[in-house]
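Under full-length UniProt numbering, residues 1 to 348 are what the sequence shown spells out, in order. Read through the structure below, which is laid out as structure tokens, and then see the notes.
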Amino acid sequence: MFKKRQEQNMSELDDTLSEFIEEWRIMRKKEEDDLARLKAKQAKRKVVRAEEEQKMKEQKKLEDERRAKEESDTKKREEEERLRRLEEMEKKRQESSKKAGEKNKRDGDNLSSIHAARGEKGKTKEQLAEEKKIALMVRVAPLTGLENMQLTGLCSKAEELWKKIVRLETEKYDMEQRRARQDYDVRELKERQKIQLRQKALKKGLDIEALTGKHPPKIQVSSKFERRADSRSYDDKKNLFEGGWGIMRTEEEERYWKLKYEDFSTRTKAKLPKWFGERPGGKPGQYDDDDSDEDEDRDEDEDYEDGNKTDSEGESEEEEEDEESEEESEEESEEESEDEEEEEEEEE
């Protein structure tokens, strides 16, 4: 009996386990299918993203190439425009130099050289080399049409070039001579300046080469033979040497005067009383703007008069009281005298 029940339980347990295993297999298969679908979707998305990135790279490359081409075209146009302007300026300069008169040639050359030096001072080597190249392009015209020339044409062209070479060599020699003359003038002017500075140093009692250096000499504010070294700075000693002690004393006196003036301005002013309508020490007929004193005097006079009035009124009242008391005393004395007379008559 027990054995049958145990077998029955085992069979039920096997059925339950088989059901659970079947459900687990179904779920496992479903999860694997979902995972495979997600992996396929992810791979597809990677492919799409790679294609989009490739398209974006190509588009960016095309955009960069277009921008670089536009920038290069713009720079090229600007360079051509600048070269054209420089060529025009060079041509105009050559024409103006040709039209200049021989009378003002030297002054004009000197002035032009000064202006050229000032203009070239702020330029770089590359800019100067480029301007030189443009000037040579304008001045040295290219030889064209030599293939179609005959012997006479070639001879005339050679003669023209020879004359141009001679003219350029002549101008070069003149420029070298002018440069040498200018160098001599500069050296002479420097020597004159040095002589003047030496004379100026001798007049001031300085060393003969004190003012000929690059920097001006320092002012000798103390003797170099002093035994004790001064701890003050050079600026402080120079300030005292150039009159700084007098300036300090003047500043101290000015400060002291301002202090005393403030004390004097804030003092209590005591004025003298007026005498017959005029204040002592003042000029006759001078306007006195101090009305407060007059008001005070007027108030004092009024108080004095009021006091006199009150005193007189008090005295009059006292006199009236005295008179009344005297009258009463007289009446009493008369009554007493009458009473005495009546008593005497009765006695009689």
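Ideal Cβ placement from N, Cα and C applies to all residues, glycine included. Remember, it's a predicted structure, so these values are computed and weren't measured experimentally.
query = Looking only at DSSP bridge pairs, what is TRP275 linked to?
reply = On the sequence shown, position 275 is the one that residue 275 refers to. For TRP275, DSSP records a beta bridge to GLU278.
message = Three or more C-beta pairs under 8 Å: does that hold for the segment 199–208 against the segment 179–191?
response = no
query = Hey, SER222 and ASP230: beta-carbon distance below 9 Å or not?
reply = Taking the first residue of the sequence shown as position 1, residue 222 is located at position 222. Taking the first residue of the sequence shown as position 1, residue 230 is located at position 230. Closer than 9 Å, so yes.
ask   = For LEU143 versus LYS157, is the C-beta distance shorter than 9 Å?
value = One-based indexing of the sequence shown puts residue 143 at position 143. One-based indexing of the sequence shown puts residue 157 at position 157. Yes, the Cβ-Cβ distance between LEU143 and LYS157 is below 9 Å.
query = Which whole-angstrom value is the C-beta distance of ALA135 and GLU90, which I expect to be below 8 Å?
reply = Working through the sequence shown from its first residue, we reach residue 135 at position 135. Working through the sequence shown from its first residue, we reach residue 90 at position 90. The Cβ separation is near 5 Å, so the contact holds.
query = Closest to ILE219 by CA distance: which of PHE241, ARG228, LYS60 is it?
reply = In the sequence shown, the residue the question calls residue 219 occupies position 219. Here the closest residue by C-alpha is PHE241.
request  = Any chance you could list the alpha helix (DSSP H) runs of at least 4 consecutive residues sitting entirely within the segment 121–195, in chain order?
outcome  = The segment 121–195 contains these whole alpha helix (DSSP H) runs: 125–139.
request  = Might you give, ordered along the chain, the residues of its own chain that have their beta carbon closer than 8 Å to the beta carbon of LYS211, omitting 5 neighbours on each side?
outcome  = For the purposes of this step, residue 211 is identified with residue 211 of the sequence shown, where counting begins at 1. Note that residue 211 corresponds to Leu in the displayed sequence, not to Lys. If we look at LEU211 and ignore the five residues flanking it on each side, its Cβ neighbours are LEU197, ARG198, LYS200, ALA201, PRO217.
query = In this structure, does DSSP put GLN54 in helix, strand or coil?
reply = As a position in the sequence shown, residue 54 is number 54, starting the count at 1. Reduced to three states, the DSSP call for GLN54 is helix.
ask   = Taking the alpha helix (DSSP H) that LYS260 falls in, what are its first and last residues?
value = The sequence position of residue 260 within the sequence shown is 260, counting from 1. Run containing LYS260: 245–265, per the alpha helix (DSSP H) assignment.
key: Straight-line Cα distance separating PRO273 from SER292   = Taking the sequence shown and counting its residues from 1, the one referred to as residue 292 is at position 292. Taking the sequence shown and counting its residues from 1, the one referred to as residue 273 is at position 273. Bear in mind that a pLDDT of 49 at SER292, under 50, signals an unreliable position, so the number given afterwards is only what the model happens to contain. Answer to the nearest angstrom: the Cα atoms are 12 Å apart.
ask   = Does the Cβ-Cβ distance between GLN94 and ARG167 come in under 9 Å?
value = As a position in the sequence shown, residue 94 is number 94, starting the count at 1. As a position in the sequence shown, residue 167 is number 167, starting the count at 1. Taking 9 Å as the Cβ cut-off, GLN94 and ARG167 do not qualify as a contacting pair.
query = How about MET137 and GLU87: are their beta carbons less than 9 Å apart?
reply = Indexing the sequence shown from 1 puts residue 137 at position 137. Indexing the sequence shown from 1 puts residue 87 at position 87. Closer than 9 Å, so yes.
key: Sequence-distant residues of its chain with Cβ nearer than 8 Å to MET10 (five each side left out)   = On the sequence shown, residue 10 is found 10 positions in, with the first residue counted as 1. Nothing listed; no residue qualifies.
key: Per-residue DSSP class, three states only, for GLN220   = As a position in the sequence shown, residue 220 is number 220, starting the count at 1. Note: GLN220 maps to coil in three-state DSSP.
message = Looking at chain D, is there any beta carbon in it that lies within less than 9 Å of the beta carbon of GLU81?
response = Any reference to chain D falls outside this structure, which holds one protein chain only.
inquiry  = Need the endpoints of the alpha helix (DSSP H) that LYS237 sits in, please.
reply    = Within the sequence shown, numbered from 1, the residue matching residue 237 stands at position 237. Per DSSP, LYS237 belongs to the alpha helix (DSSP H) from 234–239.
request  = Using the Cα positions of ILE26 and LYS60, report the straight-line distance between them to the nearest angstrom.
outcome  = For the purposes of this step, residue 26 is taken as residue 26 along the sequence shown, with counting starting at 1. For the purposes of this step, residue 60 is taken as residue 60 along the sequence shown, with counting starting at 1. Cα to Cα, ILE26 sits roughly 50 Å from LYS60.
ask   = According to DSSP, is THR74 helix, strand or coil?
value = Reading the sequence shown from its first residue, position 74 is the one you call residue 74. Looking at THR74 - three-state DSSP - the assignment turns out to be helix.
message = Here's the rule: buried if 16 or more other CB atoms are within 10 angstroms of the residue's CB, otherwise exposed. What is TRP257?
response = Within the sequence shown, numbered from 1, the residue matching residue 257 stands at position 257. Exposed: under 16 other Cβ atoms inside 10 Å.
inquiry  = Rounded to whole angstroms, what is the Cα-Cα separation between GLN54 and VAL47?
reply    = Sequence index remark: in the sequence shown, residue 54 carries index 54 (1-based). Sequence index remark: in the sequence shown, residue 47 carries index 47 (1-based). Their backbone Cα atoms lie some 10 Å apart in a straight line.
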